[in-house]
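Report on the structure given below.
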Amino acid sequence: MSIVTVQLGQCGNQIGFEVFDALLSDSHSSQGLCCKRENEAYQASCKERFFSEEENGVPIARAVLVDMEPKVINQTLSKAAQSGRWKYGQHACFCQKQGSGNNWAYGYSVHGPRHEESIMDLIRKEVEKCDSFSGFFIIMSMAGGTGSGIGAFVTQNLQDQYSNSLKMNQIIWPYGTGEVIVQNYNSILTLSHLYRSSDALLVHENDAVHKICAKLMNIKQISFSDINQVLAHQLGSVFQPTYSAESSFHYRRNPLGIDWHVRPPSSGLPSLGKMSLNKDLHFNTYIANLVILRGKDVQSADVEGFKDPALYTSWLEPVNAFNVWKTQRAFSKYEKSAVLVSNSQFLVKPLDMIVGKAWNMFASKAYIHQYTKFGIEEEDFLDSFTSLEQVVASYCNL
Amino acid sequence: MTQSVVVQVGQCGNQIGCCFWDLALREHAAVNQKGIYDEAISSFFRNVDTRVVGDGGSISKGKICSLKARAVLIDMEEGVVNEILQGPLRDVFDTKQLITDISGSGNNWAVGHRVFGSLYQDQILEKLRKSAEHCDCLQCFFIIHSMGGGTGSGLGTFLLKMLEDEFPEVYRFVTSIYPSGEDDVITSPYNSILAMKELNEHADCVLPIDNQSLFDIISKIDLMVNSGKLGTTVKPKSLVTSSSGALKTRHKKPFDAMNNIVANLLLNLTSSARFEGSLNMDLNEISMNLVPFPQLHYLVSSLTPLYTLTDVNIPPRRLDQMFSDAFSKDHQLLRADPKHSLYLACALMVRGNVHISDVRRNIERLKPSLQFVSWNQEGWKTSLCSIPPVGHSHSLLALANNTCVKPTFMELKERFMRLYKKKAHLHHYLQVEGMEESCFTEAVSSLSALIQEYNQLDATKNMPVQDLPRLSIAM
């Protein structure tokens, strides 16, 4: 089952490159710690999922690259080609000359509709190349103009045109202290729109990944390249093939098999997931946990701790909320590795902060003229605030 | 990638412009080793086959044939423009891009704005349209002028309205040289205030600079270079005041060093749009992030480092020093002290071998000593461009939307009132057709309103930041 990746904006494209690179390096890695047959099955599954085959044997990533200005896409394409091991499709990118200027409204209301046909066309072509298509992986940041605005627009279109396929958005949460001054506005607009059209939002915070680089990896001078590589590593370890629980020797066909639509008793909100290598058990209530273990001794690993009912909200049984996937084939040369994907209250605090800051700025009407210029009115802002306050409230009530 | 057109008006504007083109060529020559006409160069230059007569000569790809600046040169006296055309940069400019007259504006805004404005309106429009046609995707007009004289001030601001009407989607960035207190043009306050009204109404973004600050920076550099402090030597090319050396002649004109600082400012401002980096910042992001309200579009700039020592290894402390310096009042290109005033927004445009962790560390370090307006406590915008300026391994341009511009405007207003109360020299202006006293009073009101806005913001300084009550949701 194949996944088509859509990389949007500078962030999306920079990360997308690292993800494909990590996936392919891992699949070619020799130290799989498993038998040859298994390794070959793993490689084949990974290839089918993320790459299509070219005549001269160089795999082509199943990806569409979108950006409103050319510098980053040019760099991304050449870096991939230089590696020699894989590349992007020649016609897989859509580029314009003038960027979105960190303006969500410009991305969503101007660039989106203007280029809708071309972008959706490229995506359709990529989907058609898949023998069996399972869903979309959309990589974007929330803080800028292209990834956030066009990302929201494209996801909406994908919801209309491919309503039966999974749409998972990888969202990059910016540093708390300004990468972009209007990042809070762009973020609330993005999130509130994605809530209506995405199936799952996978979140990575720059601050958190930065801390991982600094404290856990001891990197002295952290660059965006370091951060993106850590991110790619985490994503890779989630998306690489895994065994399904039922038939132990077949790699799972649906890469995102968990039922992401968790339905609480009263309302039906799509889920907000967070990935982390740390498990913070005490102050958090979970709706769902997915643990993916790879490498040596996976079968004997003890995951009983995850079945503690205290972790989960009162209306869920742990058996419905917790899943574990175990695969003997090691990831990226690590003898043992584990990933935890959670849907919990973990993100309430950061979300609440962003909504709070955006609200304070909105009260002074600062920068609003930049948005109304392109058709996003104060009412649209209010709608976004309302829908996000609802999300915060729902999670708090767990 | 987009293109920008530089419109240099008046003596000051053209002299600075000339330095800008000189340094731009040097920068691109250093980066573009293979002589291929690429998108970065095309942002400011056309590639022309000079053997072709007329307009058909543009070449969009391949080897560089002959570079022509995307510029329009306007002056109502011929002296400066003629010198440029006879100097080493003559091949960079097209005679079709010039508009000159012989009589000059006599340091009279009204003559520049109204007399020459109406006389040359059509010609100017034609040249601007032509330069826009040569662009694939025109994003920005950079206007360079001084405020105190007649042509740059009057005709330069006349242009703004024209650009707004004719090219409403293209950004108008204005680099304005404000007169210092000891300015020898008596009517400079009149000219400046009349020009300010136009800047208030028709510019997207203004970078105010004053000669005194530039002069002080040069004195500092001279002191450093000549004192032989620390026993280390300064890399000559790295001076923020240095010319490229290769193209311009040895004998330096008096304002050269000062003009080079402004030229470097413009290069650094556009570097992240032209060159690649891990966190790009395009020109449209400047006003998006730094202009919270349309009328508050005056940005104070500072450039660091002013020079690089020949020491190759740069320990992090030097890097941190660069960030600290950007906020010191000695490094601002306007007489202003942003540290002790209120920030509405701040942009840090970094070039060279600097990582995001360096930027973050310095923001955290400097934040406590700076005051930001309550609704923008984290009002930082950062950009990282991989290509450093020539002669440096890294550099920083800080742009601040800060209430520290207020004193400059207030002083200007005071000087204006001193003259206006006595009606001194007023007749020179009023005898120009269409000029009335109401032009003056309107201009002063416009400035007063602006000052009042800054006052209101300043009043919120030191007030405790309160979180406003949020929407409450019924569950």
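In order, the protein sequence lines correspond to chains F and H. Each residue of the first sequence is one higher than the last, beginning at 1 in our numbering. Each residue of the second sequence is one higher than the last, beginning at 1001 in our numbering. All residues carry an ideal CB built from backbone N, CA and C; glycine is no exception. Just so you know, these numbers come straight off a predicted model, no measurement behind them.
Checklist entry - How many Å lie between Gln1431 of chain H and Leu1194 of chain H at the Cα? => result Approximately 16 Å, taken between the alpha carbons.
Item to check | Sequence-distant residues of its chain with Cβ nearer than 8 Å to Met1001 of chain H (five each side left out) | outcome: When the five nearest sequence neighbours on each side are left out, the beta carbons in the same chain lying within less than 8 Å of the beta carbon of Met1001 of chain H are those of Glu1039, Ala1040, Ser1042, Ser1043, Cys1137, Ala1273 and Arg1274, in order along the chain.
Checklist entry - Among H:Cys1439, H:Leu1267, H:Leu1119 and H:Ser1393, which has the Cα closest to the Cα of Ala1024 of chain H? => result Residue nearest to Ala1024 of chain H within the set H:Cys1439, H:Leu1267, H:Leu1119 and H:Ser1393 is H:Leu1267 (criterion: CA-CA distance).
Checklist entry - Below 8 Å between beta carbons: does that hold for Asn232 of chain F and Glu18 of chain F? => result Residue 232 of chain F is actually Ala in this sequence, not Asn. Yes.
Checklist entry - Would you say Gln98 of chain F reaches chain H, if we count a Cβ-Cβ gap shorter than 8 Å as a contact? => result Yes, its Cβ sits closer than 8 Å to a Cβ of chain H.
Checklist entry - With 16 as the cutoff for other CB atoms within 10 Å, does Glu1433 of chain H come out buried or exposed? => result By the C-beta density criterion, Glu1433 of chain H is exposed, having fewer than 16 other C-beta atoms within 10 angstroms.
Item to check | Proximity winner among H:Ser1301, H:Met1258, H:Phe1215 and H:Lys1381, relative to Asn1478 of chain H (alpha-carbon distances) | outcome: Outside the shown range of chain H (1001 to 1475) lies residue 1478 of chain H, about which nothing can therefore be said.
Checklist entry - What residues from chain F crowd round Asn1289 of chain H, counting only those whose CB sits closer than 7 Å? => result Here the neighbours are Asn102, Val180, Ile181 and Val182.
Checklist entry - Can you give the Cα-Cα distance for Pro1389 of chain H and Leu1269 of chain H, rounded to whole angstroms? => result Roughly 11 Å between the two C-alpha positions.
Checklist entry - For chain H, is any of its Cβ atoms less than 8 Å away from the one on Asn186 of chain F? => result No, its Cβ sits nowhere closer than 8 Å to a Cβ of chain H.
Checklist entry - By the criterion of Cβ-Cβ separation under 9 Å, what are the contact partners of Ser1357 of chain H in chain F? => result Chain order gives the chain F residues near Ser1357 of chain H as His210, Cys213, Ala214, Ile219, Lys220, Gln221, Ile222, Ser223 and Asp226, where near means a beta carbon separation below 9 Å.
Checklist entry - Would a check of beta-carbon distances place Gln75 of chain F closer than 8 Å to chain H? => result Answer yes: the Cβ-Cβ gap between Gln75 of chain F and chain H drops below 8 Å somewhere.
Item to check | One or two residues paired with Asn1401 of chain H in a DSSP bridge | outcome: Paired residue(s): H:Ala1345.
Item to check | Boundaries of the beta strand (DSSP E) in which Lys326 of chain F is found, first to last residue | outcome: Per DSSP, the unbroken beta strand (DSSP E) holding Lys326 of chain F starts and ends at Phe322 to Thr327.
Next on the checklist: Just to check my reading of the structure: Met68 of chain F and Gln90 of chain F have Cβ atoms closer than 8 Å, yes? What is that Cβ distance to the nearest angstrom?
Outcome noted: With a contact defined as Cβ atoms closer than 8 Å, Met68 of chain F and Gln90 of chain F miss out at about 20 Å.
Checklist entry - Which partner residues does Ser1004 of chain H have in the DSSP bridge list? => result Looking at the DSSP output, Ser1004 of chain H shares a beta bridge with H:Cys1140.
Next on the checklist: Checking 8 Å against the spacing of the C-beta atoms, do Leu122 of chain F and Val72 of chain F come in under that value?
Outcome noted: No, the Cβ-Cβ distance between Leu122 of chain F and Val72 of chain F is not below 8 Å.
Next on the checklist: Is there a C-beta anywhere in chain F that falls below 8 Å from the one on Cys1137 of chain H?
Outcome noted: For Cys1137 of chain H, the nearest beta carbon of chain F is closer than 8 Å to its own beta carbon.
Checklist entry - Quick one: is Phe385 of chain F near chain B, going by C-beta distance under 8 Å? => result Here the protein chains are F and H, and chain B is not one of them.
Next on the checklist: Under 8 Å, with one C-beta from each stretch per pair, do the region 1169-1185 of chain H and the region 1196-1215 of chain H reach the 3-pair mark?
Outcome noted: Result yes; three or more Cβ-Cβ pairs closer than 8 Å.
Checklist entry - Can we say the region 1317-1332 of chain H touches the region 1356-1372 of chain H, given the rule of at least three CB pairs closer than 8 Å? => result Yes, since at least three Cβ pairs between the region 1317-1332 of chain H and the region 1356-1372 of chain H fall closer than 8 Å, the two stretches touch.
Item to check | chain F within 8 Å of Met1001 of chain H, Cβ atoms only | outcome: Interface residue, yes.
Checklist entry - Are the C-beta atoms of Ala393 of chain F and some chain H residue less than 8 Å apart? => result The Cβ of Ala393 of chain F sits closer than 8 Å to at least one Cβ of chain H.
Next on the checklist: Less than 8 Å between the C-beta atoms of Ser1004 of chain H and Gln1097 of chain H, yes or no?
Outcome noted: Taking 8 Å as the cut-off, the beta carbon of Ser1004 of chain H is found no closer than this to the beta carbon of Gln1097 of chain H.
Checklist entry - Which residue from H:Gly1149, H:Glu1126 and H:Met1147 puts its Cα closest to that of Glu1166 of chain H? => result Out of H:Gly1149, H:Glu1126 and H:Met1147, H:Glu1126 has the C-alpha closest to the C-alpha of Glu1166 of chain H.
Item to check | Helix, strand or coil at Phe1255 of chain H [DSSP, three-state] | outcome: When DSSP states are grouped into helix, strand and coil, Phe1255 of chain H belongs to the coil group.
Checklist entry - Looking at chain F, which residues of the region 1269-1295 of chain H have a Cβ within less than 7 Å of any of its Cβ atoms? => result If the cut-off is 7 Å between Cβ atoms, the region 1269-1295 of chain H has Glu1276, Ser1278, Leu1279, Asn1280, Asp1282, Asn1284, Glu1285, Met1288, Asn1289, Pro1292, Phe1293 and Pro1294 near chain F.
Checklist entry - Apart from the five residues just before and just after Asp1210 of chain H, which ones in its own chain have a Cβ nearer than 8 Å to its Cβ? => result The answer, listed in chain order, is Ile1177, Tyr1178, Pro1179, Ser1180, Leu1333, Leu1334, Arg1335 and Thr1408.
Checklist entry - Which residue comes first and which comes last in the alpha helix (DSSP H) that contains His1202 of chain H? => result Element bounds for His1202 of chain H: Ser1188 to His1202.
Checklist entry - Does the Cβ-Cβ distance between Ser364 of chain F and Trp1375 of chain H come in under 8 Å? => result Contact check for Ser364 of chain F against Trp1375 of chain H passes: the beta carbons are separated by less than 8 Å.
Checklist entry - Counting pairs of beta carbons, one from the region 1447-1462 of chain H and one from the region 1398-1405 of chain H, are three or more of them closer than 8 Å? => result These segments touch.
Checklist entry - What separation, rounded to the nearest whole angstrom, lies between the Cα atoms of Val66 of chain F and Ile219 of chain F? => result Their backbone Cα atoms lie some 31 Å apart in a straight line.
Checklist entry - Name the chain H residues whose beta carbon is nearer than 9 Å to that of Glu69 of chain F? => result Residues of chain H with a Cβ closer than 9 Å to the Cβ of Glu69 of chain F are, in chain order, Met1001, Thr1002, Ala1273, Asn1280 and Asp1282.
Checklist entry - For Arg1470 of chain H and chain F, any beta-carbon pair shorter than 8 Å? => result In terms of beta-carbon proximity, Arg1470 of chain H lines the interface with chain F, with at least one pair separated by less than 8 Å.
Checklist entry - Using a Cβ-Cβ cut-off of 6 Å (strictly less than) and excluding sequence neighbours within five positions of Gly107 of chain F, which residues of its own chain qualify? => result Excluding sequence neighbours, Gly107 of chain F sits near Ser100, Gly145, Thr146, Gly149 and Ile150.
Next on the checklist: To test your reading of the DSSP string, which unbroken alpha helix (DSSP H) runs of 4 or more residues are found completely within the region 1146-1193 of chain H?
Outcome noted: Here the runs fully enclosed are 1156-1166.
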